[in-house]
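Trainee: Handing you a structure now.
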Amino acid sequence: MMNVHVTKTIPIEFKWVVDAYQKVKKGGKAVGIDGESWTDFNKKAEQHCYLIWNRLSSGSYHPQAVRRVEILKKDCTLRKLGIPTSKDRIAQQVVKDYMEKRIIRH
Numbered sequence: 044m045m046n047v048h049v050t051k052t053i054p055i056e057f058k059w060v061v062d063a064y065q066k067v068k069k070g071g072k073a074v075g076i077d078g079e080s081w082t083d084f085n086k087k088a089e090q091h092c093y094l095i096w097n098r099l100s101s102g103s104y105h106p107q108a109v110r111r112v113e114i115l116k117k118d119c120t121l122r123k124l125g126i127p128t129s130k131d132r133i134a135q136q137v138v139k140d141y142m143e144k145r146i147i148r149h
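Counted from 1, the sequence shown has number 63 at position 20 by our numbering; the numbering is strictly sequential.
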């Protein structure tokens, strides 16, 4: 029998999202499918971080599709890359940081 009283969500702290934002904004500058640059994101960073936190903590976060680009490799073949949106990069970083802390503790 299933225990229906067990929560499915993990309590996400807003600070985790802000920390992830600080890490991710230093990385790649490519724009995702939403067309939002880091310059645009930074103008409303607190609002964006709140939205990410709210959706992650409620279990309702859904990533957007990635923008597909092809880059030329040294051997002149093409390599496909998927570029996530800024919000998705931050959400991924929150999950990565959370998982790494759990692995280190156990």
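Note that CB positions come from ideal geometry on N, CA and C, so glycine has one too.
Pull the bridge partners of Leu115 from the DSSP assignment, please.
Mentor: In DSSP, Leu115 forms a bridge with Leu121.
Trainee: Flag this pair as yes or no: are the beta carbons of Gly75 and Ile114 separated by less than 7 Å?
Mentor: Going by C-beta atoms, Gly75 is not nearer than 7 Å to Ile114.
Trainee: Report yes if the CB atom of Val60 is closer than 7 Å to the CB atom of Val137, and no otherwise.
Mentor: Yes, the Cβ-Cβ distance between Val60 and Val137 is below 7 Å.
Trainee: Whole alpha helix (DSSP H) runs in the segment 62 to 122 with 4 or more residues, listed along the chain?
Mentor: Qualifying alpha helix (DSSP H) stretches, in chain order: 81 to 86 and 88 to 101.
Trainee: Are three or more beta carbon pairs between the segment 88 to 97 and the segment 117 to 126 nearer than 8 Å?
Mentor: With a cut-off of 8 Å, the segment 117 to 126 and the segment 88 to 97 do not count as touching, because too few Cβ pairs lie within range.
Trainee: Identify, in the order they occur along the chain, each residue of the same chain with its Cβ nearer than 6 Å to the Cβ of Ala63, setting aside the five sequence neighbours on each side.
Mentor: Excluding residues within five positions, the ones whose Cβ falls inside 6 Å are Ile133, Gln136 and Val137.
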